[in-house]
Amino acid sequence: MTQPSHKPLTPVKAIRLKCIECARSKKNVRECPLTDCPLYIYRMGTNPNRKGIGNHKSRRREEVVTQ
Ligand code: SF4
Numbered sequence: 155m156t157q158p159s160h161k162p163l164t165p166v167k168a169i170r171l172k173c174i175e176c177a178r179s180k181k182n183v184r185e186c187p188l189t190d191c192p193l194y195i196y197r198m199g200t201n202p203n204r205k206g207i208g209n210h211k212s213r214r215r216e217e218v219v220t221q
């Protein structure tokens with residue numbers, strides 16, 4: 155059995171790629187006017203409901219920036 159050639163994606167990263175395909179550019183994804191789209195809050199590749207949870211690396215980065 156062969157392994158898939160692509161790297162596994164997290165769900166929010168998969169949504170990000172889908173949004174880039176839908177809007178045709180990263181700039182258009184950022185400025186997407188369709189706020190009622192179910193993917194809208196995840197379009198930037200992050201889950202805003204998990205802000206401050208997990209990912210110690212990014213938290214440490216924020217601490218360095220604020221010092
Ligand atoms: S939020 Fe919805 S409409 Fe906007 S780019 Fe993503 S998939 Fe397309």
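Position in the sequence shown (from 1) plus 154 gives the number in our numbering.
Beta carbons: idealized from backbone N, C-alpha and C, even for Gly.
Exercise. To the nearest angstrom, report how far apart Asn182 and Lys161 are at their CA atoms.
Key: Distance between the alpha carbons of Asn182 and Lys161 is about 25 Å.
Practice problem: Run the CB neighbour count on Cys191, radius 10 Å, all protein chains shown included, and call it buried at 16 or more, exposed below. | Solution: When all chains shown are included, Cys191 counts as exposed.
Quiz prompt | Endpoints, the alpha helix (DSSP H) within which Leu163 is located | solution = Looking at the DSSP string, Leu163 is not in any alpha helix (DSSP H), and its letter there is neither H nor E.
Practice problem: Could you tell me which of Lys205, Leu193, Pro202 sits nearest to Lys172, measuring between CA atoms? | Solution: The closest CA to that of Lys172, considering only Lys205, Leu193, Pro202, is found on Leu193.
Quiz item: Where do the N-terminal and C-terminal ends of the alpha helix (DSSP H) with Asn201 fall, by residue?
Solution: Careful: Asn201 lies outside any alpha helix (DSSP H) and carries neither H nor E.
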